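All remarks here apply to the structure that follows.
In full-length UniProt numbering, the protein residues as written are 1 to 1014.
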């Protein structure tokens, strides 16, 4: 007894044990389903490339215990939201617009859930704040000038008072004293000081009068008073008092300006108090390009903005949120965004949408939310459509309620096994896995049709003398071997993705393979056993369970299906020549297919209008992040759109003057690159140690002196004492220094970096090429003293694109070789020629070129899902060729004539495969309704793959089989048949009715009864 016979005997004769065991296994595996987590972070697709590891050293990784080399601007435990105002033809720099934005900020801070996430300092910074700061700063300067003028006038009057007192003119002295008091009172009023500050100012003025009196006395006593130490001390004391009576009076306001914590009420008052002319001047001052100094306000304006202009169509406000509590919670590693941040960013967007002005709110939490929702909405739409498809397909095929229920139960069990395995294996559900249920539903329907239809055929043939168990035993023995073959080739195709360096692709291959094997077990054992028990139970109570098999008795497509056999008889070489030409064209197109791994690939577009008519549970939400992302890319620099050049030197060494000089040259080269973002002031957005020192030197005179002194050749680049200069930079502005320099605990500088802003529309490939060239320039001439590597999000994404392309090529070769070996061995082991394995595989290879050429023609790139299409094409497509080849060899042995055997094959098995292909294409076709673009593309291209594989098996393969028979096959007749034999249908499998000796053939070809699509 053969292995298929023994398995069939065990399932049918011990059906109750099989049911109990498999149901217990299903329950045990299903326990893992609640353990399946969901992940939408794009970081999971990154491989452990040198560039990714360099980025990890830069940013740190708390999960892996890696401390960051550099500090981020502000705080490393933060995330930013870009809140952008679009004018839609209106001027967003108008006073009303800025005031409206400040009022919107008040709403954000009044919202407890949002305010709790805001960072401590400078949590919200926009053009509206900076314009208000300029206005407040100008007002403070004016008031400070009033105080200083009042103090100077008072001191002059004080000398006059002293002179009159010394002259004995008491009345004049009293008048001067009154004048002093009036001056102080007028100054306090003009400077708009409150009572407390007025008292402070008056106290300081009195101290100044006393000090001035002391100086006056010394001046009277000696002509060399300037040499007097007491006089110098009094003068120094007077300057301190002067500082306290002017700038010191407004110390709180200046501190608020420096820290960005000016109350919003004060900011609103400052803007509203300006007249139109003053307002225009303040806006120009705030947004002007001043003497090469960095202007933060210009970074919040679009790249097309003209510095100093009082009109603009859009502007940005940056909202910084703290993620400190999320990091402390320990659950949000790997680039994930916490639920707290997601919810707060959604609340920000809701408040923004309620404003009169048109706002865009763009942040990592919003991206995460839309990706997560698009997965859920895609399942909500695709799931019911897939279920409807299942019901319709089973109604057409079965026309029996019990068999339909069994089919649905089997599908549910397969999904339980699959997702239960994911839970036990700790594999997270990501964007790719939305395709898994659809894949398994389509394959499960095919498996069910094969088993049920073959059982119905056998019952019809056995007549009333047969039994339910006996018919099922024959059916399983006949269809089982083919199901195992097809399962094996499909699993080979999916497991070839294990060579991919991208984790989720490897996991997708494993999970899909487990699901396919589960489908074989469920529909090869559990469902047949359940059907045997149910049918026997019902028939014992008088219900006739015999049903006619779907697809028997011929069909109107028979003549159409004979196109392949007719062409093979008349001109097989012409068919192959045309196929080769078509395949060559497809192969050329394959070389032109783009590879894409961008955030946009995972963002849903606005749902089509027809989804508005769906029931509430299926209707998708609103999606606007993709359109918003396009706007941000067009006008601003995205927060994550930065490339970096990391320079490292073991044991210190990045303080080498030659490195600083080389980085300066590289900065100039980068500024000329087309991929580098140009700010509104026309300068490239580049930050490195030199630019940082230039900025700090413009703000601190002491550091400026050291900076200039270290530049002995006056070329703007320090060439000596660089290490000491870096030390002073850390002392002067540690926050700025730590963003571009890494200092060890021993005080050595072992790493530095250049941060390069990238244009939003720049391709990852162009960015990577440019940055790698710049990194090579930095490293050239180092003589091993330092190394440089280009990294950053765009570059790491490009590495993923290359990994995707490698996955396509490697999985293609592995699948081709593995399936070739499997088929060759399988055919040889069953008594056929091993060369038949090559012939069977060739149409599938042609299909691969056709599908890749189609991707090029319709502009579909390789992404994390479509990148698996080559291995999937072979894994799914080879089943059609297996059925045709296997049926052809059986008919050739039975009939002894090539043309009769070929016609019987394409009209019998070909017709069954047509139904099988239709069910699979229909299953994958439901993905076309998904919200996720990548899923839609995957559904479309997989449906085309199945279509091409079917056409290749019934049109191309017959010509190949004819040539194989002529040169390598058995010695049979090529004579034209005198008259067409009765067309063998799916039900009779080409058997000679009533011939008992054909029982072995019946068992071998029974799988062709309804066609198979794994």
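Ideal Cβ placement from N, Cα and C applies to all residues, glycine included. All values derive from a computational prediction rather than experimental measurement.
Just the C-alpha distance for residue i and residue j, rounded to the nearest angstrom, thanks.
i, j, result
"residue 786", "residue 666", "15 Å"
"residue 453", "residue 404", "12 Å"
"residue 424", "residue 49", "28 Å"
"residue 497", "residue 920", "22 Å"
"residue 409", "residue 484", "21 Å"
"residue 314", "residue 86", "5 Å"
"residue 588", "residue 848", "12 Å"
"residue 733", "residue 700", "9 Å"
"residue 19", "residue 878", "32 Å"
"residue 140", "residue 160", "30 Å"
"residue 818", "residue 521", "23 Å"
"residue 108", "residue 114", "6 Å"
"residue 348", "residue 361", "7 Å"
"residue 964", "residue 839", "7 Å"
"residue 595", "residue 769", "15 Å"
"residue 762", "residue 69", "27 Å"
"residue 1037", "residue 34", "Limits of the chain in this structure are 1 at one end and 1014 at the other, which puts residue 1037 out of reach."
"residue 713", "residue 230", "44 Å"
"residue 376", "residue 538", "41 Å"
"residue 507", "residue 854", "27 Å"
"residue 415", "residue 936", "21 Å"
"residue 989", "residue 448", "For residue 989, the pLDDT reaches just 39, beneath the cut-off of 50, and the residue's location in the model is therefore unreliable, although a value from the coordinates is still provided. Each residue's alpha carbon lies about 18 Å from the other."
"residue 4", "residue 486", "14 Å"
Pick from the options: whose alpha carbon is nearest that of residue i?
i, options, result
"residue 1099", "689, 632, 870", "Since the first and last residues shown for the chain are 1 and 1014, residue 1099 lies out of range."
"residue 276", "93, 752, 641, 960", "93"
"residue 534", "402, 509, 115", "402"
"residue 930", "289, 132, 318, 433", "433"
"residue 543", "400, 159, 125", "400"
"residue 961", "927, 881, 907", "881"
"residue 366", "337, 390, 123, 391", "337"
"residue 464", "518, 545, 31, 672", "545"
"residue 1043", "283, 118, 252, 250", "Because the chain here runs from 1 to 1014, residue 1043 falls outside it and cannot be looked at."
"residue 844", "832, 860, 872, 829", "872"
"residue 344", "357, 603, 354, 363", "363"
"residue 649", "752, 641, 573", "752"
"residue 368", "346, 358, 91", "346"
"residue 764", "244, 687, 705, 642", "642"
"residue 242", "81, 146, 866, 885", "146"
"residue 869", "202, 184, 439, 235", "439"
"residue 850", "78, 941, 523, 695", "941"
"residue 874", "488, 24, 781", "488"
"residue 781", "593, 524, 582, 663", "663"
I'd like the list of long-range same chain contacts for residue i, defined as Cβ closer than 7 Å, with 5 residues on each side in sequence excluded.
i, result
"residue 679", "298, 299, 303, 685"
"residue 373", "621"
"residue 8", "473, 476, 477, 480"
"residue 789", "50, 51, 54, 646, 775"
"residue 307", "287, 288, 289, 298, 680, 681"
"residue 660", "689, 690, 717, 718, 722"
If I measure Cβ to Cβ from residue i and keep anything under 8 Å in the same chain, skipping five residues before and after, which residues do I get?
i, result
"residue 693", "703, 707, 718, 725, 729"
"residue 250", "140, 143, 144"
Rounded C-beta distance between residue i and residue j? I'm assuming under 8 Å.
i, j, result
"residue 590", "residue 852", "3 Å"
"residue 39", "residue 380", "19 Å between Cβ atoms; not a contact."
"residue 597", "residue 808", "In fact, because the Cβ distance is near 13 Å, the residues do not count as touching under 8 Å."
"residue 154", "residue 209", "7 Å"
"residue 516", "residue 443", "6 Å"
Leaving out five residues on either side along the sequence, give the residues of the same chain with a beta carbon under 6 Å from the beta carbon of residue i.
i, result
"residue 637", "677, 757"
request  = Could you tell me which uninterrupted alpha helix (DSSP H) segments, each at least 4 residues in length, are contained entirely in the segment 540-617, listed from first to last along the chain?
outcome  = Correct list: 558-561, 563-570, 572-592.
key: Any beta strand (DSSP E) of 3 or more consecutive residues that is wholly inside the segment 721-758   = Counting only runs of 3 or more, we get 741-743, 749-757.
key: Every unbroken alpha helix (DSSP H) inside the segment 864-931 [4 residues or more]   = Runs found: 869-895, 898-925.
key: Uninterrupted beta strand (DSSP E) stretches inside the segment 379-431 (no shorter than 3 residues)   = Runs of the beta strand (DSSP E) inside the segment 379-431: none found.
task = Let me know the beta strand (DSSP E) ranges lying completely inside the segment 800-866, each 3 residues or longer, listed in chain order.
result = Within the segment 800-866, no complete beta strand (DSSP E) run reaches 3 residues.
ask   = Residue ranges of each alpha helix (DSSP H) run of no fewer than 4 residues wholly in the segment 159-195, ordered along the chain?
value = Runs found: 170-190.
key: Completely contained beta strand (DSSP E) runs for the segment 110-148, where each covers 3 or more residues   = Fully enclosed beta strand (DSSP E) runs of 3 or longer: 124-126.
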